[in-house]
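If you read the protein sequences in the order shown, they are chains A and Z.
Just so it is clear: in the first sequence, position 24 is 313 by the numbering used here, and no numbers are missing.
Just so it is clear: in the second sequence, position 33 is 322 by the numbering used here, and no numbers are missing.
Accompanying notes for the structure given below.
2 protein chains.
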Amino acid sequence: MKVRVHVSLKPGVLDPQGRAVHHALEGLGFTGVQDVRVGRLIELEVADDTTDATLDDMCRRLLANGVVENYRVERV
Amino acid sequence: MKVRVHVSLKPGVLDPQGRAVHHALEGLGFTGVQDVRVGRLIELEVADDTTDATLDDMCRRLLANGVVENYRVERV
Chain A
290 MKVRVHVSLK PGVLDPQGRA VHHALEGLGF TGVQDVRVGR LIELEVADDT
340 TDATLDDMCR RLLANGVVEN YRVERV
Chain Z
290 MKVRVHVSLK PGVLDPQGRA VHHALEGLGF TGVQDVRVGR LIELEVADDT
340 TDATLDDMCR RLLANGVVEN YRVERV
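What follows is the structure, given as structure tokens:
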């Protein structure tokens with residue numbers, strides 16, 4: 290089974306990578322960009338009987354940093 | 290308007306970060322994980338009249354490396 294984990298910084302947490310991308314887009318002449326945030330997209334191939342609780346456990350223990358990041362698990 | 294750009298490595302391209310995560314999950318006792326790939330999730334706040342062509346241009350010129358990465362644009 291394929292699972293996608295979307296990890297993004299919580300609102301209010303400073304995102305230097307996002308700011309750099311924002312700046313670079315402006316430098317390339319793209320106007321109208323108001324904000325850029327960069328997160329991670331983790332695609333896992335797991336056993337079909339993997340429970341939601343196990344996936345959540347993976348996120349909390351390794352894939353996301355709960356202090357500054359939100360995550361969302363999506364079964365594909 | 291909010292836009293999400295999903296950037297992932299093309300199949301066949303070596304993903305050391307994904308392998309490290311895979312290894313770490315096994316080390317934590319999670320069994321049944323067959324594969325892990327790590328990509329980027331870029332969230333942009335852009336002007337409402339931004340066209341698909343402009344978004345595609347941003348991806349090709351800055352957000353994704355077309356040689357080794359695929360990207361998908363999603364309007365939220």
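Think of the CB as a built atom: it goes at the ideal place given N, C-alpha and C, for glycine as much as any other residue.
{"Asked": "To test your reading of the DSSP string, which unbroken beta strand (DSSP E) runs of 3 or more residues are found completely within the stretch 291-319 of chain Z?", "Found": "291-298"}
{"Asked": "Do VAL294 (chain Z) and VAL362 (chain Z) come within 7 angstroms of each other at the CB atom, strictly closer than that value?", "Found": "yes"}
{"Asked": "So the alpha helix (DSSP H) LEU344 (chain A) belongs to, where does it begin and stop?", "Found": "341-347"}
{"Asked": "Could you check which residue in Z:VAL302, Z:GLY316 and Z:ASP341 has the C-alpha nearest to that of GLY355 (chain Z)?", "Found": "Z:VAL302"}
{"Asked": "Please list, in chain order, all residues of the same chain as GLY328 (chain A) whose beta carbon is under 8 angstroms from its beta carbon, the five residues on each side excluded.", "Found": "HIS295, VAL296, SER297, LEU298 and GLU358"}
{"Asked": "Between ASP304 (chain A) and the rest of its own chain, which residues show a CB-CB distance below 6 angstroms, the 5 nearest in sequence each way excluded?", "Found": "LEU298 and ARG326"}
{"Asked": "Quick one: residues in its chain with C-beta nearer than 7 angstroms to the C-beta of PRO300 (chain A), no 5 flanking neighbours on either side, listed in chain order?", "Found": "none"}
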